[in-house]
Amino acid sequence: MTFYIAKTVSLSFDRALEKIVGELKKEGFSITAEVDVAKTLKEDFEVSFRRYRTLSAFHPLLAHRALETEDKAGLLLPCNVIVQEVSASATEVMAADPRAMFTATGSPTLEELAKQLGNKLESIIGHV
(Lines of atoms letter the chains of each structure in order from A and count residues from 1; the text may use other names and numbers.)
(Lines give C-alpha, C1' and ligand atoms only; values in the text may rest on other atoms or scores of the structure.)
Protein backbone atom coordinates (compact mmCIF):
# COMPACT_ATOMS: atom_id res chain seq x y z
CA MET A 1 0.00 0.00 0.00
CA THR A 2 1.31 3.46 -0.87
CA PHE A 3 0.75 6.45 1.38
CA TYR A 4 -1.13 8.40 -1.28
CA ILE A 5 -3.91 8.22 -3.86
CA ALA A 6 -3.03 9.91 -7.17
CA LYS A 7 -4.24 10.50 -10.70
CA THR A 8 -2.82 12.49 -13.59
CA VAL A 9 -5.55 14.24 -15.58
CA SER A 10 -5.60 15.95 -18.96
CA LEU A 11 -6.67 19.27 -17.52
CA SER A 12 -4.99 22.61 -16.94
CA PHE A 13 -3.83 23.29 -13.41
CA ASP A 14 -6.62 25.82 -12.81
CA ARG A 15 -9.33 23.48 -14.10
CA ALA A 16 -8.03 20.51 -12.07
CA LEU A 17 -7.89 22.67 -8.92
CA GLU A 18 -11.45 23.86 -9.52
CA LYS A 19 -12.68 20.30 -10.09
CA ILE A 20 -11.02 18.77 -7.03
CA VAL A 21 -12.36 21.51 -4.75
CA GLY A 22 -15.86 21.01 -6.18
CA GLU A 23 -15.69 17.23 -5.76
CA LEU A 24 -14.42 17.56 -2.18
CA LYS A 25 -17.27 19.92 -1.29
CA LYS A 26 -19.84 17.56 -2.85
CA GLU A 27 -18.61 14.83 -0.48
CA GLY A 28 -18.88 16.98 2.64
CA PHE A 29 -15.32 18.27 2.91
CA SER A 30 -14.44 21.88 3.57
CA ILE A 31 -11.14 23.45 2.57
CA THR A 32 -9.69 24.85 5.78
CA ALA A 33 -6.36 26.03 4.35
CA GLU A 34 -4.63 26.40 1.01
CA VAL A 35 -0.92 26.85 0.41
CA ASP A 36 0.36 28.11 -2.93
CA VAL A 37 3.77 26.46 -2.72
CA ALA A 38 5.21 28.14 -5.84
CA LYS A 39 4.18 31.60 -4.60
CA THR A 40 5.54 30.97 -1.10
CA LEU A 41 8.88 29.69 -2.39
CA LYS A 42 9.18 32.67 -4.73
CA GLU A 43 8.32 35.24 -2.06
CA ASP A 44 10.34 33.72 0.79
CA PHE A 45 13.36 32.26 -1.00
CA GLU A 46 13.31 33.67 -4.57
CA VAL A 47 13.05 30.09 -5.86
CA SER A 48 11.04 29.21 -8.96
CA PHE A 49 8.81 26.14 -8.71
CA ARG A 50 6.04 24.61 -10.79
CA ARG A 51 2.41 25.36 -9.90
CA TYR A 52 1.78 23.31 -6.77
CA ARG A 53 -1.08 23.78 -4.33
CA THR A 54 -1.64 22.03 -1.00
CA LEU A 55 -5.22 21.92 0.28
CA SER A 56 -6.26 20.98 3.80
CA ALA A 57 -9.53 19.11 3.34
CA PHE A 58 -11.56 18.56 6.49
CA HIS A 59 -14.54 16.21 6.77
CA PRO A 60 -16.24 17.35 10.01
CA LEU A 61 -18.41 14.27 10.59
CA LEU A 62 -15.61 11.72 10.17
CA ALA A 63 -13.17 13.95 12.06
CA HIS A 64 -15.59 14.18 14.97
CA ARG A 65 -15.93 10.40 15.10
CA ALA A 66 -12.16 9.98 14.99
CA LEU A 67 -11.59 12.54 17.76
CA GLU A 68 -14.23 10.93 19.96
CA THR A 69 -12.35 7.65 19.60
CA GLU A 70 -8.87 9.09 20.13
CA ASP A 71 -8.16 12.75 20.91
CA LYS A 72 -4.67 12.44 19.35
CA ALA A 73 -6.26 11.57 15.98
CA GLY A 74 -6.19 15.30 15.27
CA LEU A 75 -2.50 14.89 14.48
CA LEU A 76 -3.57 13.02 11.33
CA LEU A 77 -6.24 15.55 10.34
CA PRO A 78 -7.16 17.26 8.07
CA CYS A 79 -6.47 15.38 4.85
CA ASN A 80 -3.77 16.85 2.63
CA VAL A 81 -4.68 17.11 -1.04
CA ILE A 82 -2.09 18.19 -3.62
CA VAL A 83 -2.59 19.63 -7.10
CA GLN A 84 0.60 19.97 -9.12
CA GLU A 85 1.21 21.01 -12.71
CA VAL A 86 2.87 18.35 -14.83
CA SER A 87 2.58 20.26 -18.14
CA ALA A 88 0.32 22.90 -19.70
CA SER A 89 -2.33 20.23 -20.31
CA ALA A 90 -1.67 17.70 -17.55
CA THR A 91 -2.04 17.98 -13.80
CA GLU A 92 -1.54 15.49 -11.01
CA VAL A 93 -4.11 15.38 -8.22
CA MET A 94 -3.32 13.38 -5.09
CA ALA A 95 -4.27 12.90 -1.46
CA ALA A 96 -2.53 11.39 1.52
CA ASP A 97 -4.17 8.00 2.05
CA PRO A 98 -5.66 7.92 5.56
CA ARG A 99 -5.80 4.11 5.39
CA ALA A 100 -2.00 4.04 5.44
CA MET A 101 -1.63 6.76 8.06
CA PHE A 102 -4.22 5.54 10.56
CA THR A 103 -2.88 1.98 10.73
CA ALA A 104 -0.18 3.36 13.04
CA THR A 105 -2.85 4.08 15.67
CA GLY A 106 -3.59 0.40 16.25
CA SER A 107 -7.27 1.27 16.74
CA PRO A 108 -9.76 -0.85 14.78
CA THR A 109 -12.33 1.97 15.06
CA LEU A 110 -9.92 4.53 13.61
CA GLU A 111 -8.84 2.11 10.91
CA GLU A 112 -12.50 1.68 9.88
CA LEU A 113 -12.99 5.46 9.77
CA ALA A 114 -9.78 5.78 7.73
CA LYS A 115 -11.12 3.17 5.32
CA GLN A 116 -14.31 5.20 4.82
CA LEU A 117 -12.30 8.38 4.37
CA GLY A 118 -9.83 6.74 1.99
CA ASN A 119 -12.67 5.34 -0.11
CA LYS A 120 -14.22 8.82 -0.32
CA LEU A 121 -10.91 10.37 -1.41
CA GLU A 122 -10.36 7.62 -3.99
CA SER A 123 -13.80 8.28 -5.44
CA ILE A 124 -13.28 12.06 -5.44
CA ILE A 125 -9.95 11.80 -7.24
CA GLY A 126 -11.52 9.36 -9.67
CA HIS A 127 -14.11 11.99 -10.61
CA VAL A 128 -11.58 14.71 -11.42
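For the sequence shown, position 28 (counting from the first letter as 1) is numbered 19 according to my numbering, and the numbering increases by one without interruption. Where is the CB? At the ideal position from N, CA and C, for every residue including glycine. Note that the structure is predicted; figures quoted are calculated from it, not measured.
In the three-state reduction of the DSSP assignment, residue 46 falls in the strand class, which pools E and B.
Here residue 103 is exposed, its C-beta having fewer than 16 other C-beta atoms within 10 Å. Under the DSSP definition of a beta bridge, residue 71 partners with 47.
In terms of Cβ geometry, residue 13 and residue 52 do not form a close pair [threshold 8 Å].
Per DSSP, the unbroken alpha helix (DSSP H) holding residue 114 starts and ends at 99 to 117.
Apart from sequence neighbours up to five positions away, the residues of its chain that approach residue 50 with a beta-carbon distance below 6 Å are 19 and 20, ordered along the chain. In the three-state scheme derived from DSSP, where H, G and I count as helix and E and B as strand, residue 28 is classed as helix. By a beta-carbon distance limit of 8 Å, residue 42 does not contact residue 9. Their separation comes to about 13 Å.
Under the 10 Å beta carbon count, residue 106 is surrounded by fewer than 16 other beta carbons and is classified as exposed.
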